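> Before we start, here is the structure in question, set down as structure tokens.
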Amino acid sequence: MRNTFRIIALLEGVSYILLMTFGLYFKYQLGDQTYVKLLGMPHGILFVTYIIFAFLITQNENWGVKDLGIVLLASLLPFGTFYVDWKYLKKGNK
Numbered sequence: 014m015r016n017t018f019r020i021i022a023l024l025e026g027v028s029y030i031l032l033m034t035f036g037l038y039f040k041y042q043l044g045d046q047t048y049v050k051l052l053g054m055p056h057g058i059l060f061v062t063y064i065i066f067a068f069l070i071t072q073n074e075n076w077g078v079k080d081l082g083i084v085l086l087a088s089l090l091p092f093g094t095f096y097v098d099w100k101y102l103k104k105g106n107k
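For what it's worth, the working numbering labels the leading residue of the sequence shown as 14, then goes sequentially.
The following block contains the structure:
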């Protein structure tokens with residue numbers, strides 16, 4: 014389940030960055046909302062999946078309330094899920 018969460022975290026982070034760069038650039042600079050619509054739904058699904066998986070693997074990873082809070086907060090910050098992968102999910106970190 015840990016590897017699945019790592020993949021979801023990676024995809025969620027990439028989709029968030031794409032949404033915040035390409036999506037917002039095209040929307041506000043070029044007046045085209047196509048990329049926001051195109052990237053928004055997959056990002057939303059990945060975001061919800063990330064949150065669900067974070068709660069599901071909390072016991073397996075022996076995360077306390079503070080660790081879970083950091084993992085959940087990271088989903089709201091650009092590059093936050095990459096930090097979670099580095100700090101909490103790499104093979105040697107358990």
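Just so it is clear, CB atoms sit at the ideal spot from N, CA and C, and this is done for glycine as well.
This structure is a prediction, so every number in the text was calculated from the model and none was measured.
Please report how far the alpha carbon of Phe-18 lies from the alpha carbon of Gly-57, in whole angstroms.
The residue you call residue 18 lines up with position 5 of the sequence shown. The residue you call residue 57 lines up with position 44 of the sequence shown. Approximately 16 angstroms between the Cα atoms of the pair.
> Rank Lys-103, Tyr-101, Phe-92 and Lys-100 by C-alpha distance to the C-alpha of Met-33 and give the top, closest one.
For this step, residue 33 is matched to residue 20 along the sequence shown. Minimum Cα distance to Met-33 is reached at Phe-92.
> Between which two residues does the alpha helix (DSSP H) containing Leu-52 stretch?
Counting from one through the sequence shown, the residue named residue 52 turns up at place 39. Leu-52 -> alpha helix (DSSP H) spans 47-70.
> In the DSSP assignment, the alpha helix (DSSP H) including Thr-17 goes from what residue to what residue?
Translated into positions along the sequence shown, residue 17 becomes position 4. Counting along the chain, the alpha helix (DSSP H) containing Thr-17 begins and ends at 15-31.
> Locate the alpha helix (DSSP H) running through Asp-80, then write down its first and last residues.
For the purposes of this step, residue 80 is taken as the residue at position 67 of the sequence shown. First-last of the alpha helix (DSSP H) with Asp-80: 78-87.
> Determine contact between the region 68-76 and the region 26-41, defined as no fewer than three beta-carbon pairs at a distance below 8 angstroms.
No: fewer than three Cβ pairs fall under 8 angstroms.
> Could you check if Ile-21 is buried or exposed, using at least 16 other CB atoms within 10 Å of its CB as the buried criterion?
Your numbering for residue 21 matches position 8 in the sequence shown. When all chains shown are included, Ile-21 counts as buried.
> Please classify Val-84 as buried or exposed, where buried requires at least 16 neighbouring CB atoms within 10 angstroms.
Numbered from its first residue, the sequence shown carries residue 84 at position 71. Label assigned to Val-84: buried.
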